[in-house]
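Enquirer: Sharing a structure below in structure tokens format, with a few things to ask.
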Amino acid sequence: MTISKTVFDRLGFWLWVGSFLVVLGLVLWSPNPRSVVPIYRHGSEAFLSRQPLYQVEVAMGYLYAPAFAVLYVPLLKLGPSISNFLWHALGFGVLTFAAMRQARKVGGPEQTWLLSFGLFLALPVSLAALRNGQATILLAGACWFLTMSALEGRRAESFFWASLAIIAKPTAIIMLLLAGALRPRLIPVLALAVLVVLAIPYGVAPTGYTNAQYQDFFRMLTSMAVDPTGPFVAADFTAPFARLGITLPEFDATIVRVVAGLLTLWVVLQFDRRLDPNARGLAIFLTAAFYMCVFNPRVEQNTYAMVAVPAGLCIALLWREKGAGATRWLLAALLFVTGLTSVDGRLHDLFHPWFWPIGISIIACVLICWFWTRGRQKMPAGGAAAHG
């Protein structure tokens, strides 16, 4: 590990920050190209003019809760350049500080290296989502903070991060359900966060208009089928089959998602009991993020930024273990190379969308198995962890 520590003690972190500064420069130079932020602005503009937010028939365009449109209004008033700058900085800051808090939580003598090397490995997968200003970045950071706050029993923090996560993307409900299962005492707090987010639009818009938007919103969530000739290309576990020309029936795919969800719940409950408190949050969030990416029917390739950073930190943590030489090199190379498959148009056409779900699944499953083995080794000495 001498070479890796020498090279990545701080280099990886500064590459992460430097790459984001380049992104900010591109955002200020050209706000709209390769960005989803215009969709957020359109949602806020539509809300202010009391126009429909959603295209329910095609389930494209603005796909966020009405509260997102309300809370983006202050940024909208600042103009495209400043709002883009602040929005990108918000998502990047939340995710980066979540990773920093997790690195401190894991502890050990090499926290700086752990963070730096993990961010370096995650950079290629995350960079496109950072450039596009996708809410996935904010969602990842908020859900990560929620995981750590919930495990520590911090009610106020859990309420704040749960609210921010739901506003960022509706799929955050998965993380709220897991947090409630892990810490049942927080269920009222998490439920209150959902209710507050739902109530926000009623404070600034007529009840009839808001009810109509929620009706469309929930219809969209329950009918996410899209025209296969449209621009959206799913990159979930069904993507490799679609690339081979195999269409999975929706019922069969739903069964797989439900079974995977129950298995995810069982795994995180076991991690909560068996793993030491320092690594518990990282393992649980990695497992949850893996499920939210690979088994989400609306996932796209850039959504995998959500699992990239925790996977990078897990690989860095594995790197400190003895006897894992081949495995750690394989996982590190696979995570880094996965993100590089889109740097060229021909490579992108070759590997999109089937390669990312396979590569990330291999990485996540190996790391989950490693955490599982680590937990079994420590159970005889430490026993079961107490639940809050």
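Position one of the sequence shown corresponds to residue 75 (my numbering), numbered consecutively onward. Ideal Cβ placement from N, Cα and C applies to all residues, glycine included. No experiment lies behind these values; they were computed from the predicted model shown.
Considering only the beta carbon of each residue, do V180 and L336 sit closer than 8 Å?
Expert: no
Enquirer: Considering only residues of the same chain and omitting the five flanking positions on each side of L272, which have a CB-CB separation below 7 Å?
Expert: none
Enquirer: Run through the DSSP bridge pairs and tell me what Q129 is partnered with.
Expert: Beta-bridge partners of Q129 (DSSP): M134.
Enquirer: Is the Cβ of R348 closer than 8 Å to any Cβ of chain B?
Expert: Going by chain labels, chain B is absent from the structure shown, which holds only one protein chain.
Enquirer: Using CA coordinates, which residue listed in R259, G207 and P275 is at the minimum distance from A224?
Expert: R259
Enquirer: Going straight from the alpha carbon of Q208 to that of A242, what length do you get?
Expert: 9 Å
Enquirer: Taking 6 Å as the limit between beta carbons, can you name the residues of its chain near V383, skipping five residues before and five after?
Expert: Excluding its 5 nearest sequence neighbours in each direction, V383 has C-beta neighbours in its own chain below 6 Å: A173 and A196, listed in chain order.
Enquirer: Could you tell me which of M366, A177, D310 and V342 sits nearest to A246, measuring between CA atoms?
Expert: For A246, the closest of M366, A177, D310 and V342 by C-alpha to C-alpha distance is M366.
Enquirer: How big is the Cα-Cα spacing for W446 and D346?
Expert: 11 Å
Enquirer: Compute the beta-carbon to beta-carbon distance between G192 and I389, rounded to the nearest angstrom, for a pair I have assumed lies under 8 Å.
Expert: That pair is a contact at about 7 Å.
Enquirer: Roughly how many whole angstroms lie between the Cα atoms of A267 and W161?
Expert: 22 Å
Enquirer: Short of 8 Å in beta carbon distance, which residues of its chain neighbour R354, apart from the five on each side in sequence? Order them along the chain.
Expert: Cβ-Cβ distances below 8 Å link R354 to L225, F345, D346 and A459 in the same chain, with the five nearest sequence neighbours on each side left out; the list follows chain order.
Enquirer: Would you report the Cα separation of D350 and V411, rounded to the nearest angstrom?
Expert: For D350 and V411, the distance between alpha carbons rounds to 31 Å.
Enquirer: Closer than 8 Å by C-beta to A253: which residues in its own chain qualify, once you throw out the five before and the five after it? Chain order, please.
Expert: If we look at A253 and ignore the five residues flanking it on each side, its Cβ neighbours are L220, T221, A224, S232, A236, L260 and L264.
Enquirer: Expressed to the nearest angstrom, what Euclidean distance is found between the alpha-carbon atoms of V278 and V333?
Expert: Near 40 Å, if we compare the C-alpha coordinates of V333 and V278.
Enquirer: By how many angstroms is the C-alpha of G135 removed from the C-alpha of V300?
Expert: Because the pLDDT at V300 is just 44, under 50, the model does not fix this residue reliably, and the point stays unresolved.
Enquirer: Would you check if the segment 358-378 and the segment 426-439 touch, i.e. whether three or more CB-CB distances between them fall below 8 Å?
Expert: yes
Enquirer: L322 to G433, Cα distance in whole Å?
Expert: If I take the Cα positions, the gap works out to 20 Å.
Enquirer: Pick helix, strand or coil for A455, following the three-state DSSP scheme.
Expert: Low confidence applies here, because A455 scores a pLDDT of 42, under 50, leaving its location unreliable; read the following figure in that light. Looking at A455 - three-state DSSP - the assignment turns out to be helix.
Enquirer: Using the Cβ count rule (16 or more neighbours within 10 Å means buried), how would you classify N39?
Expert: Past the boundaries of the shown model lies residue 39; the chain is included only from 75 to 462, so the question cannot be answered.
Enquirer: Return helix, strand or coil for R178, following the three-state DSSP convention.
Expert: helix
Enquirer: Would you mind stating whether T210 and A216 have Cβ atoms separated by less than 8 Å?
Expert: No, Cβ-Cβ distance for T210 and A216 is not below 8 Å.
Enquirer: Output the distance between the C-alpha atoms of A316 and P183, rounded to the nearest integer angstrom.
Expert: 46 Å
Enquirer: With a threshold of 7 Å on Cβ separation, who are the neighbours of L295 within its own chain once the five nearest residues in sequence on each side are excluded?
Expert: P244
Enquirer: Looking only at its chain, what residues have a beta carbon closer than 7 Å to the beta carbon of R331, apart from the 5 residues adjacent to it on each side?
Expert: F369.
Enquirer: Quick one: Cα of S157 to Cα of R450, how far?
Expert: 48 Å
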